[in-house]
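Everything on this sheet refers to the single structure shown next.
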Amino acid sequence: MVEKIHIKDKDVIVPGTLLAEGLEYLPSGKAFRDGENIYSSTVGLISVKGRVIKVIPLAGKYAPKRGDVIIAKINGFGKFGWTCEIESPYKIDLNVGEISMNYVDLKNSKLADYFKISDYVFGEILDISESGYISLTAKRMPYRKLVGGNVIKVSPVKIPRIIGKQGSMIKILKDSSNCEILVGQNGLVWIKGNAENEAKVANAIKLIEQESHHSGLTEKVKAMLEGK
Amino acid sequence: MGGVGGPEKLIVNGKRLDGRKLNEMREMEIKVGVIPNADGSAMVTLGETKVICAVYGPKEVLPRRNLDSEKAFLNCVYGMASFSTSERNRPGPSRRSTEISKVIADALAPAIFMEKYAGLEITVIMEIINANAGTRTAAINAASVALADAGIEMRDLVCSVASGKADGQLMLDLFEPEDNFGEVDMPLAILPNTKQITLLQMDGMLTKAEAKKLIEMSMKACEQIYELQKKALKEKYGSEKESE
Amino acid sequence: MLKQYFIELLEKDKREDGRKPFEYRDVSVETGVIARANGSARVKIGNTEVLVGVKLDVGTPFPDGPESGILMVNAELLPLANPNFEFGPPSKDSVELSRVIDRGIRECHAIDLDKLCIKAKEKVWMVFVDIYPINDDGNLLDAGALGAIAALKTTVLPKYDEKEEKVIHKELTKTKLPLVHSPVMTTFGKIGNNKFSDSTMREEKAIETRLSIVTTEDGNVSAMQKGGAGMFTADDVIELIEKSAELGKKLRKLVPSK
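Chains as they are written, first to last, in the numbering used here: chain A, 2 to 229; chain B, 82 to 325; chain C, 3 to 260.
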């Protein structure tokens, strides 16, 4: 039995690429094992740590995970809450008990007093049940209903670039625009300031999304925000 | 096969009418990410044949009657633009395009981890912009990289080519005169890692030995196509690594 | 929310992507892009992309024009270009799109249809213009109309076999389609009191109303169409006609002159 690795750290691979042979290696992320071989199931970036070969996907829709911080859009009413869209094939439920630390009395108020269709909410994925039922919580700060501002959509795989190392990129965006910015791991970004600054930030984020692999991106983003 | 009114000979001095050798494919170009609105997209040019493909999904299944709680609903739609053929092609589905849509879905499904998308839909739209034979196989090549571009989890890519026989000779990648007036047309698709065949159709008449030879020729061509698909995907995604 | 954002920007003479209100995104026109078509064009306006192909055939003239060729404009809004488009019979949007573009070409007699008669009452050329959006990021109307005229400009007739009385589609002649005018459509959106041209998809979601105006090379108006539930004043319309002639001139330069 031959133990052989066919790729190295930071390689970009396509679905079906043979990554390694032999049982010594372990697949992780979007890597999968077929018999004695390990392959990639998506376009991705390789990370090799000891015996673990991980494929970090470079494309694809958002897949909800418990604890993810996301921006959801209200798109329907239930009996005790709302259903929301999250740029994923799965719907998510927001129960009325998850919108405030205080008791929400539905005897003296109605659901539409809190959220209407097309409202946005910043929250956290509370739970994903065995059967696929997903629930959202927005009762603790900083989670809340997003009032005003402007929501834009980016590829969820680019979100780490928009945040930057230790939040460096998002800090630049906030500091040079005076905008409030909230980033959802599902690829939605909420921007609030005056419209001009909102547009500036939206364009800077599009630039980050498109040119995430080019060097000198930080400088370009700064220049754009300063209106050059 | 074998229509009337075609050229007298399809092979002249050992060469085909477009100057190719028998085992030579037309030039193929693949571009990934050509439709910004789509979750994944690709364009494949094979000689004069040109196809554009968009993948949307995974998404909610609509209408609900298509829902499969065990695996994805793979909705493949092959179509031909009205101006893609010599005589204007009436837009909208035909019996031919309906059948091709189905065999393409069957060719792609084995490559996809269908059970990971249980209860969801993956839509693959393939539109032939210009037709000069080999449209279904070009569509499969485009769809396969468009699915990868959409981040759909796959066992492998899918590579496809149509070969056949004309003037008594086996040949790779038929173009229109050979497709119309030749004796045999055989579209084939494989998963390159395992060499498993996911599409196979044939019209005409072949001996067992010829069938074997033609499949071998096609499989070899699929290896070339596989390299082009990988290259096209890496052109879009390859540059990601520098800044990581 | 989105609407208020666009109003605020427009009131400062700005757009989300940094354009001025009456500025187009980058526009490109390529012709001869489809080998099988008799004439073809690919138009890109920003991220919006449209393919237009022209096919010719011979058919029976309509009784009200026994010596006139026939123009048919059709738009196929495939879900390829926009996930909200649906397969199946033409939607209201695709019917409106093709009819507005059709009138823009027809009403100024851009094509000299009388020259397309082969045998009066029996055989005339039929000109099929098919518009296929590839990616919809707003303003399909202007992109489709520009593509249609560019494709028509480059259209040549296939050979007609007079003995057999049929078209030989694979043989092209050198005869060009007789074109008299180059109509160009420009579409304006309105949000609040603010008017602007070339809407993106996001702007189209926020606009209350739009006005499409077709002008010919002499600046005359050959067709107009208002869409959406909002309203325009007469002054708005006059202002936009002027703008349309101005913008149309620029766009027309992208169309091959022959």
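Don't be surprised by glycine CBs; every beta carbon is placed ideally from N, CA and C.
Since the structure is predicted, the reported quantities are computational estimates derived from the model, not experimental observations.
Asked                                                                                                                                                                                    : Found
Between the Cα of Phe164 (chain B) and the Cα atoms of C:Val35, C:Glu164 and C:Lys121, which residue gives the shortest distance?                                                        : C:Val35
Within the 8 Å Cβ cut-off, does Arg236 (chain B) reach chain A?                                                                                                                          : yes
Taking all protein chains shown into account, do 16 or more other C-beta atoms lie within 10 angstroms of the C-beta of Met106 (chain B), making it buried, or fewer, making it exposed? : buried
Taking only the alpha-carbon atoms, compute the straight-line gap between Ser136 (chain A) and Cys303 (chain B) and give it to the nearest angstrom.                                     : 46 Å
Closer than 7 Å by beta-carbon distance: list the chain B residues that pair up with Arg38 (chain C), in chain order.                                                                    : Phe164, Ser165, Thr166, Ser167, Asn211 and Ala212
Between which two residues does the alpha helix (DSSP H) harbouring Gly250 (chain C) extend?                                                                                             : Ala236 to Arg254
In whole angstroms, what is the alpha-carbon distance linking Ser182 (chain B) and Asp149 (chain B)?                                                                                     : 19 Å
Are the beta-carbon atoms of Asn196 (chain C) and Ile9 (chain C) separated by less than 8 Å?                                                                                             : yes
Closer than 9 Å between beta carbons: that is the criterion. Which residues of the region 7-24 of chain A meet it against chain B?                                                       : Lys11, Asp12, Val13, Ile14, Val15, Pro16, Gly17, Thr18 and Leu19
To the nearest angstrom, report how far apart Glu325 (chain B) and His214 (chain A) are at their CA atoms.                                                                               : Since pLDDT at Glu325 (chain B) reaches only 40, below the 50 mark, its modelled position is unreliable, and the value read off the structure follows with that caveat. Near 8 Å, if we compare the C-alpha coordinates of His214 (chain A) and Glu325 (chain B).
Runs of 3 residues minimum, wholly inside the region 118-172 of chain A: which ones carry the beta strand (DSSP E) assignment?                                                           : 121-129, 135-138, 145-147 and 151-154
Report yes or no: do three or more beta-carbon pairs, one from the region 113-125 of chain B and one from the region 133-141 of chain B, lie closer than 8 Å?                            : yes
Is Ile209 (chain A) closer than 8 Å to Val190 (chain A) when the C-beta atoms are compared?                                                                                              : no
Could you tell me whether any non-hydrogen atom of the ligand MN is closer than 7 Å to the CB of Ala73 (chain A)?                                                                        : No copy of the ligand MN appears in this structure; indeed no ligand is present at all.
Nearest-angstrom Cα distance between Val349 (chain C) and Ala188 (chain B)?                                                                                                              : Outside the displayed span of chain C (3 to 260) sits residue 349 (chain C), for which this structure offers no information.
Please compile the residues from chain A whose C-beta is within a distance smaller than 7 Å of the C-beta of Gly20 (chain C).                                                            : Asn204
Identify which residue in B:Leu238, B:Met195 and B:Arg101 has its Cα closest to the Cα of Gly17 (chain A).                                                                               : B:Leu238
Under the three-state reduction of DSSP, which class applies to Met226 (chain C): helix, strand or coil?                                                                                 : strand
Which residues does DSSP list as the beta-bridge partners of Ser122 (chain B)?                                                                                                           : B:Ala135
Report back the beta-carbon spacing between Leu179 (chain C) and Ile113 (chain C) to the nearest angstrom; my notes put them in contact at under 8 Å.                                    : 6 Å
Check the Cβ-Cβ distances between Glu277 (chain C) and every residue of chain A, and say whether any is below 8 Å.                                                                       : Because chain C spans 3 through 260 in this model, residue 277 (chain C) falls outside it and cannot be assessed.
So Thr43 (chain A) contacts chain D; which residues on that side make the cut at Cβ distance below 9 Å?                                                                                  : In the structure shown, chain D cannot be found, because the protein chains are A, B and C.
According to the neighbour-count rule (16 or more other Cβ atoms, all chains shown, within 10 Å of its Cβ), is Met142 (chain A) buried or exposed?                                       : exposed
From this set, B:Leu314, B:Val125 and B:Glu234, which residue's C-alpha is nearest Ile326 (chain B)'s C-alpha?                                                                           : No information on residue 326 (chain B) is available, as it lies outside the stretch 82 to 325 that chain B covers here.
With a 10 Å radius around its C-beta and 16 neighbouring C-beta atoms as the bar for buried, classify Ile271 (chain B) as buried or exposed.                                             : buried
Measure the beta-carbon distance from Val70 (chain A) to Glu125 (chain A) and round it to whole angstroms, keeping in mind my assumption that it falls under 8 Å.                        : 5 Å
Does the beta-carbon of Ile210 (chain B) have 16 or more other beta-carbons within 10 angstroms, so that it is buried, or is it exposed?                                                 : buried
According to the neighbour-count rule (16 or more other Cβ atoms, all chains shown, within 10 Å of its Cβ), is Met233 (chain C) buried or exposed?                                       : exposed
If you measure beta-carbon to beta-carbon, which residues of the region 280-304 of chain B are closer than 7 Å to chain A?                                                               : none
Roughly how many angstroms lie between the CA atoms of Pro157 (chain A) and Ala32 (chain A), to the nearest whole one?                                                                   : 19 Å
Can you pull out the residues from the region 73-92 of chain A whose beta carbon lies closer than 7 Å to at least one beta carbon of chain B?                                            : Pro90
For Ala147 (chain C) and Lys90 (chain B), what's the separation of their Cα atoms in angstroms?                                                                                          : 44 Å
State the beta-bridge partners of Gln277 (chain B) as determined by DSSP.                                                                                                                : B:Leu272
Can you list, in chain order, the stretches of the alpha helix (DSSP H) that have 4 or more residues and sit fully within the region 148-206 of chain B?                                 : 176-189
Where does Ser175 (chain B) land, buried or exposed, given buried means 16+ other C-beta within 10 angstroms?                                                                            : exposed
Which residues, in chain order, does the region 146-167 of chain A contribute to contact with chain B at a C-beta distance below 7 Å?                                                    : none
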